[in-house]
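For the sequence shown, position 262 matches number 262 in UniProt numbering, and the numbering has no gaps at all.
Don't be surprised by glycine CBs; every beta carbon is placed ideally from N, CA and C.
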Amino acid sequence: MQYDVIIAGGGMVGSTLACLLGQAGKRVAVLEAHEPPPFQPDDAYDLRVSAISRASQRALNEAGAWQGVVARRARPYEAMFVWDGTGDGQIRFDSADLGEADLGHIVENRIIQLALLEQIRKLDTVDLYCPSKLANFSIDQQQVSVKLDTSEQLSAHLLVGADGAQSKVRELAGIYLKTEDYGQSGLVCVVKTELSHESTAWQRFMPTGPLAFLPLGDGSSSIVWTLPSDKADAVLRLETDAFKEALAQALDYRLGAITAVGARAAFPLRGRHAEPYVQERIALVGDAAHTIHPLAGQGVNLGIKDAAELAHQILNHPADCGSMQVLRAYERARKGENVVTQKTMEGFRLLFGNNLMPWQVLRNKGLNLVNGMNFLKYQIARQAMGI
């Protein structure tokens, strides 16, 4: 089968790209290994959620999927409160001060993927190969030929690696990946608290790493607790009551006691950056190109921006969507922001992880200073929201 674009990976980023291209008339093949389980309204909340920015919401809406997200389950949050666990530094962002209804939405990753796959199935221009995986590919001057693990053969002008941090496309293409192991793990679970989360995202910075409570419906919160890997393993093994107390204490009892806790999991945190994002007939997007520290919840938002930009460049150059002119334009447009965001997150990690008194004073004064400078604070918020 001949396509304009083959996308390896039908997750949030790959499926966004497929929808944007498919509804513009491009012939697209999406390779996805696993179909996510269908959603039922009484399902327990998933462990993996994303803080969807306004820019990502716009892209998902343009892809035709946002209504499908909202129809399933999405929680807007109206404020964010951040404070330093070793001092009095704090900063608060409120959507009302920005003239916005909310700062963004907390959405389970599965729900975003389901809404996008639902849209893909409505598009005659997009074929979904599921379950299937990329086995190999070869490139000539005009196209890339792809072999699936089902032995099917496909060809296209462009192969996009949207296949995650362990990207097979990146590996087979021989693209260099710079990796930094942070020596930390992100512990995730869904909890209920004694006090209302007030539609607010709560984040406390501690020397061991940040703790975030992200608001969900029915009084639940999704937590991401960054800890040194050995400590994360120990916390993961705590009895339920001991875990509840440790978690409430880590949040400084801002939401009172932890009244219920779901399944727990932890995953290692690593920074990755591909060099380059593109080569002849190949492009990487999302986690295949870069992963960052989850402390600001920006990972998937950067990936969706990648998808939107690559779609923009492809649709602006209809003659050959796999040409280096198109691919270099995409890389130029996205690499700078991705690198700056990654370095900024690493800088925050080092700043808040340093317990020496001069650094404590600096960051506490800095937080309070920015909190009192409304213009600067709102500029930061607008940048993060993508408005």
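In whole angstroms, what is the alpha-carbon distance linking R264 and K147?
Position 264 of the sequence shown, counted from the start, is the residue given in the question as residue 264. Position 147 of the sequence shown, counted from the start, is the residue given in the question as residue 147. If I take the Cα positions, the gap works out to 38 Å.
Buried or exposed for Y14, please, with buried defined as at least 16 other CB atoms from any protein chain shown within 10 angstroms of its CB.
One-based indexing of the sequence shown puts residue 14 at position 14. The sequence shown places Gly at residue 14, not Tyr. With 16 or more other Cβ atoms within 10 Å, it is buried.
For Q142 and A156, what's the separation of their Cα atoms in angstroms?
Residue numbering aside, residue 142 sits at position 142 when the sequence shown is read from its first letter. Residue numbering aside, residue 156 sits at position 156 when the sequence shown is read from its first letter. Cα to Cα, Q142 sits roughly 9 Å from A156.
Could you give the distance in angstroms between the alpha-carbon of G286 and the alpha-carbon of V300?
Position 286 of the sequence shown holds residue 286. Position 300 of the sequence shown holds residue 300. Taking the straight line from one Cα to the other gives about 7 Å.
Assuming Q119 contacts C189 under a Cβ cut-off of 8 Å, what Cβ separation, rounded to an integer in Å, is found between them?
Here residue 119 corresponds to residue number 119 of the sequence shown, with the count starting at 1. Here residue 189 corresponds to residue number 189 of the sequence shown, with the count starting at 1. The C-beta distance from Q119 to C189 rounds to 30 Å, too long to meet the 8 Å contact threshold.
Considering Q313, what are the terminal residues of the alpha helix (DSSP H) in which it resides?
The sequence position of residue 313 within the sequence shown is 313, counting from 1. 299-316 is the span of the alpha helix (DSSP H), which, as asked, contains Q313.
If contacts are defined as beta-carbon pairs under 8 Å, then K244 and V261 qualify, I think. What distance do you get, rounded to the angstrom?
Taking the first residue of the sequence shown as 1, we reach residue 244 at position 244. Taking the first residue of the sequence shown as 1, we reach residue 261 at position 261. With a Cβ gap of about 6 Å, K244 and V261 count as contacting.
Spell out a yes or no on whether the region 84-94 and the region 106-118 are touching, meaning 3 or more CB-CB pairs, one atom from each, closer than 8 Å.
They do not touch, by the three-pair rule.
Using only alpha-carbon positions, find the residue among R272, G25, T208 that is nearest to G164.
The residue labelled residue 164 in the question sits at position 164 within the sequence shown. It is R272.
Between the C-alpha atoms of A71 and F39, what's the straight-line distance to the nearest angstrom?
Residue 71 sits at position 71 when you count from the first residue of the sequence shown. Residue 39 sits at position 39 when you count from the first residue of the sequence shown. Roughly 11 Å separates the two Cα atoms.
Is it buried or exposed, N316, if we count other Cβ atoms within 10 angstroms and call 16 or more buried?
On the sequence shown, position 316 is the one that residue 316 refers to. The residue is exposed, with fewer than 16 neighbouring Cβ atoms inside 10 Å.
Report all residues from its chain with a CB closer than 7 Å to the CB of E180; omit the five preceding and five following residues, and keep chain order.
Position 180 of the sequence shown, counted from the start, is the residue given in the question as residue 180. Contacts found: R270, G271.
Quick one: is D252 buried, meaning 16 or more other Cβ sit within 10 Å of its Cβ, or exposed?
Numbered from 1 along the sequence shown, position 252 holds the residue referred to as residue 252. By the 10 Å Cβ count, D252 comes out exposed.
Going by C-alpha to C-alpha distance, which of H34, E62, V49 sits closest to P215?
Here residue 215 refers to the residue found at position 215 when the sequence shown is read from its first residue. Comparing alpha carbon positions, the residue from H34, E62, V49 closest to P215 is V49.
Use the C-beta contact count for D97: other C-beta atoms within 10 angstroms, 16 or more gives buried, fewer gives exposed.
Counted from its first residue, the sequence shown places residue 97 at position 97. The residue is exposed, with fewer than 16 neighbouring Cβ atoms inside 10 Å.
Rounded to whole angstroms, what is the Cα-Cα separation between I139 and L302?
On the sequence shown, residue 139 is found 139 positions in, with the first residue counted as 1. On the sequence shown, residue 302 is found 302 positions in, with the first residue counted as 1. Roughly 28 Å separates the two Cα atoms.
Where the alpha helix (DSSP H) through F243 begins and ends:
Locating residue 243 in the sequence shown gives position 243, where the first residue counts as 1. F243: member of the alpha helix (DSSP H) spanning 240-250, first to last residue.
Give a yes or no on whether the C-beta atoms belonging to G322 and L158 are separated by under 9 Å.
Taking the first residue of the sequence shown as 1, we reach residue 322 at position 322. Taking the first residue of the sequence shown as 1, we reach residue 158 at position 158. It is a contact, given that the beta carbons lie within the stated cut-off.
Less than 9 Å between the beta carbons of A232 and Q184, yes or no?
In the sequence shown, residue 232 corresponds to position 232, counting from 1. In the sequence shown, residue 184 corresponds to position 184, counting from 1. It is a contact, given that the beta carbons lie within the stated cut-off.
Just verifying my parser: in three-state terms, what is the DSSP assignment at I175?
For the purposes of this step, residue 175 is taken as the residue at position 175 of the sequence shown. Reduced to three states, the DSSP call for I175 is coil.
Span of the beta strand (DSSP E) around G161
Here residue 161 is taken as the residue at index 161 of the sequence shown, counted from 1. Counting along the chain, the unbroken beta strand (DSSP E) around G161 starts and ends at 153-161.
In its own chain, which residues sit with a C-beta less than 8 Å from the C-beta of A33, not counting the 5 before and 5 after it?
Locating residue 33 in the sequence shown gives position 33, where the first residue counts as 1. Same-chain partners within the cutoff: C130, P131, S132, K133.
At least three beta-carbon pairs within less than 8 Å, the region 95-113 to the region 67-83:
Enough Cβ pairs lie closer than 8 Å, so yes.
Pick from H293, V28, R281 that is closest to L211, judged by C-alpha positions:
Counting from 1 along the sequence shown, the entry for residue 211 is found at position 211. Looking at the Cα atoms, H293 is the closest of the given residues.
Checking the sheet assignment: what are the DSSP bridge partners for S15?
The sequence position of residue 15 within the sequence shown is 15, counting from 1. None, per the DSSP bridge assignment.
Please report the distance separating the alpha-carbon of G219 from that of I52.
Residue 219 sits at position 219 when you count from the first residue of the sequence shown. Residue 52 sits at position 52 when you count from the first residue of the sequence shown. Their Cα atoms are separated by approximately 19 Å.
Going by the beta-carbon positions, is the gap between G256 and T193 smaller than 9 Å?
To locate residue 256, count along the sequence shown from 1; it is residue 256. To locate residue 193, count along the sequence shown from 1; it is residue 193. Yes, these two residues count as a Cβ contact at 9 Å.
Determine the closest residue to R281 out of G372, D43, I314, with distance taken between C-alpha atoms.
Walking along the sequence shown from the start, residue 281 turns up at place 281. The candidate whose alpha carbon is nearest that of R281 is I314.
What does the alpha-carbon distance come out to for the pair A248 and L195?
Residue 248 sits at position 248 when you count from the first residue of the sequence shown. Residue 195 sits at position 195 when you count from the first residue of the sequence shown. Going by C-alpha positions, A248 is about 11 Å away from L195.
Output the boundary residues of the beta strand (DSSP E) element that contains I7.
What you label residue 7 is simply residue 7 of the sequence shown in a count that begins at 1. First-last of the beta strand (DSSP E) with I7: 2-8.
Contacts around E309, its chain only, beta-carbon distance under 7 Å, and the 5 residues preceding and following it disregarded:
Walking along the sequence shown from the start, residue 309 turns up at place 309. Once the five neighbours on either side are set aside, the close Cβ partners of E309 are Y330, A333, R334.
Helix, strand or coil for E108 per DSSP?
Within the sequence shown, numbered from 1, the residue matching residue 108 stands at position 108. Strand.
Which same chain residues end up closer than 7 Å to L227 when comparing Cβ atoms and leaving out the 5 residues on each side of it in sequence?
Sequence index remark: in the sequence shown, residue 227 carries index 227 (1-based). Answer for L227: Q184, S185, L187, T208, G209, V235, listed in chain order.
Rank G68, E100, M12, E62 by C-alpha distance to the C-alpha of Y378 and give the top, closest one.
Here residue 378 is taken as the residue at index 378 of the sequence shown, counted from 1. Out of G68, E100, M12, E62, E100 has the C-alpha closest to the C-alpha of Y378.
Can you name, in chain order, every residue of its own chain whose Cβ lies under 6 Å from the Cβ of G68, other than the five neighbours on each side?
The sequence position of residue 68 within the sequence shown is 68, counting from 1. Taking C-beta separations shorter than 6 Å and ignoring five residues to either side along the sequence, the partners of G68 in its chain run A115, E118, following chain order.
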